[in-house]
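Engineer: The structure is given below, and queries will be raised subsequently.
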RNA sequence: CGGGGCGUAGCGCAGUAAGGUAGCGCACCUGGUUCGGGACCAGGGGGUCGGCGGUUCGAGCCCGCCCGCCCCGACCA
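Numbering (this note's numbering), first residue to last: 13 to 579.
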């Protein structure tokens, strides 16, 4: 393809509204353009990259017996009512009505549709297991779209669903998927690592997230570099730091603590360690109020909290709700719920604090010499693990870092088959609900993640497997017919050899063309100019290493055969 | 949803304090010189100043309403 006729709108400056590296570079290098918040158009280069990623995904899905389908994006409300998710999904779902007033949504995911398809068209255990996948556009009206194509409201996703007669059979496919995902991420050049994930209230036991470490990620993980322990922040565990605050012989005392809005301010005001302070929080847990206590030097991890309470939704009470109970945020204590039917649970770390500081249920006042033993408290692990906390396995300090979630696999059990009446007949003629698994990869997010991981100050550096083109021929003296003709000749030879090549025939100064080639990130650049033509030594530059090779014209095709295919 | 910021040519921005003919750089078009790491000179095209309404002789600028975009927060009591 001639670059002079392609839509590759590169920019000299970073777009003003971009924050993350991948967002800046994909816009600047002419890959994507914003249409609306979290909604992007993929220009020709991006679409080529996406198709490469998709093809790798297809190969790996086909290899484990996946059947590719393309489900409808527009889905009727009734389908979602069957599982109750029309209401559960809430505002995150894009909803619309047809001309007759019937409700539809733009699919944020496809469990309902695939389950309905299998229910209505498969009926015997003899046909199982079955694995389906699709690569399709998903719509989610995210609370806050971010980082360009990393979290969009419209995005490309590979989603797969499997149907089984037993958990053991599901486990086989689950393991196949795990390996396929590892292959996919390795092949696209990502150092993704699988983490046992929180599967949520409905996910069953097996669930793994595939995460790639990146500054602009939205997931947090901890890892022990000594023994290899690793976990997402939602499930991570680390022993709490022991403190020793034995009961005081002094009675509990209310003290005036003006202007202490944070734990740090209060600790400083009273001249105590933050670990001596107990934070009291009121949570709404599936409609019931629960008091949660945690030490001042720790934070509550709501996912862990939900899990220990076996709840599907936990949230803090709003200031208004607290107000209705006569309480004020920041100054709550267990005394406030003493005679009420409100359960008190505390993080394990609180048990050491027998002479502590706690809110006095009154603005600007706290109690000192507070002893937790007065209360009937259940101790559990609901702490957020921090950077530097001790590894639960070997005790070495844990590293905490951000990562991008590029894939997620999990066991669905009968969460969808049961309510939807999706059953098959087993050997004994018994109706059984399908055991299901589901598996997702964010295709457009993978593209952005590769850029986050593979770039330099000059632009993107695509791994060969996903590069939009392998080679860019930079013709410098385009107005000289003989030189341009040689550029075209090399272009034809490479293209005929199956090497994806782009011909930069634009009549621009050399510097501009070199900068663009680097920015868009093509793995190899061949320079055709007065200099290289007259010397007969064509300069080939490796975008990643910067290595320069001098190659005669006839050797160019063999050179790339070796470099690209190892032939 | 709360807080903050922004919206002026394709992109990046100034102009808003103090109302008076809409600017700069890049990009684009023409001509010339140049040309192996984002050239220079000369000329040129391109604007509902986010929208609607108001104040005013006169609004990019003041007032009101609305829309869009970005950042932070929406768990730390």
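Each residue gets a CB set at the ideal place from its N, CA and C atoms; glycine is no exception.
1. My understanding is that residue 531 touches residue 17, with C-beta atoms under 8 Å, so please give their C-beta distance in whole angstroms.
2. Taking residue 298 as the reference, give the member of 439, 326 and 524 with the closest Cα.
3. Which residues mark the beginning and the end of the alpha helix (DSSP H) in which residue 98 is found?
4. When DSSP builds the beta bridges, which residues end up paired with residue 92?
5. Do residue 475 and residue 466 have their CB atoms nearer than 8 Å?
6. Can you give me the start and stop residues for the alpha helix (DSSP H) that residue 180 sits inside?
7. Return the first residue and the last residue of the alpha helix (DSSP H) that residue 208 is part of.
8. With distances taken Cα to Cα, identify the nearest neighbour of residue 315 among 58, 491, 118 and 249.
9. Throw me the rounded Cβ distance for the residue 128 and residue 415 pair, which I believe falls under 8 Å.
10. Alpha carbon to alpha carbon, what distance is there between residue 33 and residue 313?
11. Give the DSSP-derived three-state secondary structure of residue 59 in the structure shown.
12. Would you please state the rounded distance, in angstroms, between the beta carbons of residue 397 and residue 290? I believe it to be under 8 Å.
13. Check this for me: beta carbons of residue 458 and residue 418, under 8 Å apart or not?
14. Closest to residue 301 by CA distance: which of 353, 470 and 504 is it?
15. Return the chain-ordered ranges of every alpha helix (DSSP H) run that is complete within the segment 17-78 and spans a minimum of 4 residues.
16. Determine the direct distance from the alpha carbon of residue 121 to that of residue 190, and round the result to whole angstroms.
17. Report the start-end ranges of each beta strand (DSSP E) in the segment 205-291 that is 3 residues or longer and not cut off at the edges.
18. Tell me, to the nearest whole angstrom, how far the beta carbon of residue 201 is from that of residue 38; I am working on the premise that it is less than 8 Å.
19. Measuring straight from C-alpha to C-alpha, what distance separates residue 412 and residue 240?
20. Could you compute how far the alpha carbon of residue 346 sits from the alpha carbon of residue 292?
21. Does the segment 367-374 come close enough to the segment 337-345 to have 3 or more Cβ pairs within less than 8 Å?
22. Could you give the first and the last residue of the continuous alpha helix (DSSP H) run that contains residue 579?
23. Cα separation between residue 308 and residue 296?
24. Would residue 282 pass as a contact of residue 380 if the rule is Cβ separation under 8 Å?
25. Pick from 548, 96, 231 and 376: whose alpha carbon is nearest that of residue 267?
26. By the 10 Å Cβ neighbour count, where 16 or more other Cβ atoms means buried, how is residue 423 classified, buried or exposed?
27. Name the two residues that bound the continuous alpha helix (DSSP H) containing residue 146.
28. Let me know the beta strand (DSSP E) ranges lying completely inside the segment 404-481, each 3 residues or longer, listed in chain order.
29. Who are residue 368's beta bridge partners in DSSP?
Structural biologist: Once the coordinates are examined:
1. Actually they do not touch by this definition, with Cβ atoms about 19 Å apart.
2. When each option's Cα is compared against that of residue 298, the closest is 326.
3. 97-101
4. In the DSSP output, where bridge partners are listed per residue, residue 92 has none listed.
5. yes
6. Looking at the DSSP string, the run of the alpha helix (DSSP H) that includes residue 180 is 179-199.
7. Unbroken run through residue 208 is the beta strand (DSSP E), 205-208; no alpha helix (DSSP H).
8. 249
9. Contact flag wrong, Cβ pair sits at about 34 Å.
10. 29 Å
11. helix
12. Residue 397 to residue 290, Cβ: 19 Å. No contact.
13. Yes, the pair counts as a contact, with Cβ atoms nearer than the cut-off.
14. 353
15. 33-40 and 56-75
16. 20 Å
17. 205-208, 219-225, 231-235, 242-244 and 265-268
18. Not confirmed; about 16 Å, so no contact.
19. 13 Å
20. 7 Å
21. Yes, they touch.
22. Per DSSP, residue 579 is not a residue of any alpha helix (DSSP H), being assigned neither H nor E.
23. 21 Å
24. yes
25. 376
26. buried
27. From DSSP, residue 146 is part of no alpha helix (DSSP H) but of the beta strand (DSSP E) over 142-151.
28. 411-425, 435-437, 443-445 and 447-454
29. 382
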